[in-house]
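Notes for the one structure printed next.
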Amino acid sequence: MDSVIEAPPRAIDLGVRWRHTFAELGPSYYTELPPSPLPAPYLVGLNWRLAAQLGLPADMLESEEGVRALTGSQPIAGTRPLASVYSGHQFGVWAGQLGDGRALLLGEIDSAAGPQELQFKGSGRTPYSRMGDGRAVLRSSIREFLCSEAMHGLGIPTTRALSVTGSDAPVRRETVETAAVVVRVSPSFVRFGHFEHFASRGQDEELRRLADYVVDRHYPECRSTGRFGGNAYAALLEAVSERTAALLAQWQAVGFCHGVMNTDNMSMLGLSIDYGPFQFLDAFDPNHICNHSDETGRYAYNRQPNVAYWNLFGLGQALLPLIGDEETTLAALESYKTVFPRELEARLRAKLGLADAREGDRTLIEGILQQLAKDRVDYTIFWRRLSQHVAGGAVEPVRDLFLDRAAFDAWLLDYSTRLTGDRQAAGLAMLRANPKYVLRNHLAELAIRRARQKDFGGVAELLAVLQSPFDEHPAHEALAGFPPDWASHIEISCSS
Ligand code: AMP
Ligand code: MG
């Protein structure tokens, strides 16, 4: 048989040392395979700041060879690409085995913030792709790239994004789109679903090894805690519950809807992960459903905190064989119910510029949220204008947001009475708690439209502004305005 022997593509050396602690867990947890190359890749966005933090040579990443490496079209020396296996509950229903259907873990490198794993998303089929093509489209990849960094800029725990690269290779969704790859960065990509996977199969040894891995690397304090009689797995469940509670408080406070809070999209580190049909609220609507595929509103904005608890319950069930008994498992989950309301109140108090907690704060908070909902006031703009008013600006810009001005005036009087002390200082603190810029759907959409025409300026502009969303950025004022009318017609679904 004649065959053309092609030289294997030369591996690119990024000059960093790779380690493979997840791979060392053994083959029960993953399948090793290389990414599937995409033709003629191009750079859509590069996160220079993150590259610097990781000690990666940004100029090399920008080169033709670097872009191929970031797309999975040329091997990276020292990496050991693998797709991990997990299961999960999707929309409240047990979905069985899922896994990295389009993601590949490359390994981990050191950074000032500790070891960081790098992962491709959209790099081709894996044994866990099921019916999927292993690809991600340009639009959803740009959204994930920008939102990761927007969340980080807001101080909300999240996986990060190093780059997004594209290729004109067609990808079929509702229409034919084009392919893209995001390089994601996180201390760990382990999800609740990883534990559900081994628990559902009765693989207690694999379950234990994974739990030990997560505890040793990310929650070493769970080994020495006196809580739960020294039961490290119960302590782990409690720690994850607390981090998840703190995360949800931040989501709610900033008006972030995740859209697909399935257990396989829940991070064991309490990070925001898997940006799909997410949305930052425009007008405040507690019942807002951001995911067009979510017909019952399971993941509506105001349901997110309960869903997170439901998901933690699933994690608790998965960890039950390690924890030992139901009573301890339930006790470990309890912390969610105290930490979430405490954290949420603290976040909202910060938004109001209240440095200490006092009786009546909850009424004040609920009072304004009800008015925002009734008058469908723009959430981000309200908080920013209120901050400016407290910092010394006029009241009209915030008052004019309301239809029922009398009700707002009454609330403002109560609030002003409560806001004793240095108003200017409170206002300045509020400007650090209430962002001017969030990644609204229409902003992402406009950047995506330009990117489809190979103009990546919109992506770069949004990245720069969203990395410091509390700053004024006067040259980018347009990104802080009200959404246009067409924004409410944008339909974002699970299709990505
Ligand atoms: P998601 O809802 O996006 O978190 O994805 C749920 C599951 O479907 C995960 O196991 C993904 O890896 C997988 N998946 C999603 N899209 C694709 C795709 N285009 N190809 C292969 N697997 C996919
Ligand atoms: Mg997912």
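Residues in the sequence shown are numbered from 1286 upward in steps of one, following our numbering. Ideal Cβ positions, reconstructed from N, Cα and C, are used throughout, including at glycine. None of the values given here were measured: they were computed from a predicted structure.
Which term fits M1286, buried or exposed, when burial requires 16 or more other beta carbons within 10 angstroms of its beta carbon?
-> Residue confidence for M1286 is low, a pLDDT of 45 falling below 50, so the modelled location carries little weight; the figure read from the coordinates is stated next. Burial call: exposed.
P1551 versus L1341, F1480, T1316 and L1657, residue with shortest Cα-Cα distance = Note on identity: in this sequence residue 1551 is Met, with Pro being the wrong assignment. For M1551, the closest alpha carbon among the candidates L1341, F1480, T1316 and L1657 is that of F1480.
Cβ pair count under 8 Å reaching 3, the stretch 1346-1354 against the stretch 1324-1333 = Counting Cβ pairs under 8 Å, three or more are found: they touch.
Counting along the chain, where does the alpha helix (DSSP H) carrying T1529 start and finish?
-> Looking at the DSSP string, the run of the alpha helix (DSSP H) that includes T1529 is A1517 to V1539.
Is A1732 near L1747, with beta carbons less than 8 Å apart?
-> Contact flag set, yes.
In terms of residue numbering, what span does the beta strand (DSSP E) encompassing L1315 cover?
-> The sequence given here places Tyr at residue 1315; Leu does not occur at that position. Counted as a single uninterrupted DSSP element, the beta strand (DSSP E) harbouring Y1315 occupies residues Y1315 to E1317.
Do you know how far the Cα of Q1564 is from the Cα of R1647?
-> When rounded, the separation of the alpha-carbon atoms in R1647 and Q1564 is 26 Å.
Does DSSP put L1637 in a helix, in a strand, or in coil?
-> Coil at L1637, not helix or strand.
From the DSSP output, read off the bridge partner residues of C1542.
-> BP columns for C1542 point to Q1564.
Rounded Cβ spacing between F1405 and P1320 (contact assumed at less than 8 Å) | The Cβ separation is near 6 Å, so the contact holds.
Three-state class that DSSP yields for L1556 in the structure shown = DSSP places L1556 outside both helix and strand once states are collapsed to three, so it counts as coil.
Straight-line CA distance for C1779 to E1402?
-> Annotation: C1779 to E1402 spans about 25 Å, alpha carbon to alpha carbon.
Reducing DSSP to helix, strand and coil, say where L1323 ends up.
-> Shown here, L1323 sits in coil according to DSSP, grouped into three states, outside any helix or strand.
Can you tell which of T1510, M1416, G1440 and L1431 has the C-alpha that lies nearest to the C-alpha of S1448?
-> The candidate whose alpha carbon is nearest that of S1448 is L1431.
Hey, would you say the C-beta of D1641 is under 7 Å away from at least one heavy atom of ligand 1?
-> The closest heavy atom of ligand 1 lies 7 Å or more from the beta carbon of D1641.
Taking only heavy atoms of ligand 2 into account, decide whether any of them is closer than 7 Å to the Cβ of N1550.
-> True, at least one ligand heavy atom lies under 7 Å from that Cβ.
From the DSSP output, in three-state form, read off G1478 for me.
-> Three-state DSSP puts G1478 in a helix.
On the three-state DSSP scale, how would you describe L1328?
-> Annotated three-state conformation of L1328 is strand, per DSSP.
Let me know the secondary structure DSSP gives I1608 once reduced to three states.
-> I1608 sits in a helix when the DSSP states are folded into three classes.
How is P1590 classed by DSSP in three states: helix, strand or coil?
-> If DSSP states are grouped into helix, strand and coil, P1590 belongs with the helices.
Following the continuous alpha helix (DSSP H) through I1733, name the residue where it begins and the one where it ends.
-> It spans N1726 to R1737 - the alpha helix (DSSP H) in which I1733 sits, taken as one unbroken run.
Please determine if the stretch 1593-1611 and the stretch 1519-1529 are in contact, where contact requires at least 3 C-beta pairs separated by less than 8 Å.
-> A contact exists between the stretch 1593-1611 and the stretch 1519-1529.
Along the chain, where does the beta strand (DSSP E) that runs through F1693 open and close?
-> Not the beta strand (DSSP E): F1693 falls in the alpha helix (DSSP H), residues R1690 to R1703.
Looking only at its own chain, which residues have a Cβ that is under 7 Å from the Cβ of S1781, when we skip the five neighbours before and after it?
-> Excluding residues within five positions, the ones whose Cβ falls inside 7 Å are A1421, V1422, S1425 and G1561.
Heavy atom of ligand 2 within 7 Å of D1344 beta-carbon = D1344: no, Cβ never under 7 Å from ligand 2.
Would the stretch 1535-1550 and the stretch 1487-1498 be scored as touching if the rule is three or more Cβ pairs under 8 Å?
-> At 8 Å Cβ cutoff, the stretches do not touch.
Beta-ladder partner(s) of S1372, from DSSP = Q1382, per the DSSP bridge assignment.
Y1371 and G1300 closer than 8 Å at C-beta = It is not a contact, given that the beta carbons lie outside the stated cut-off.
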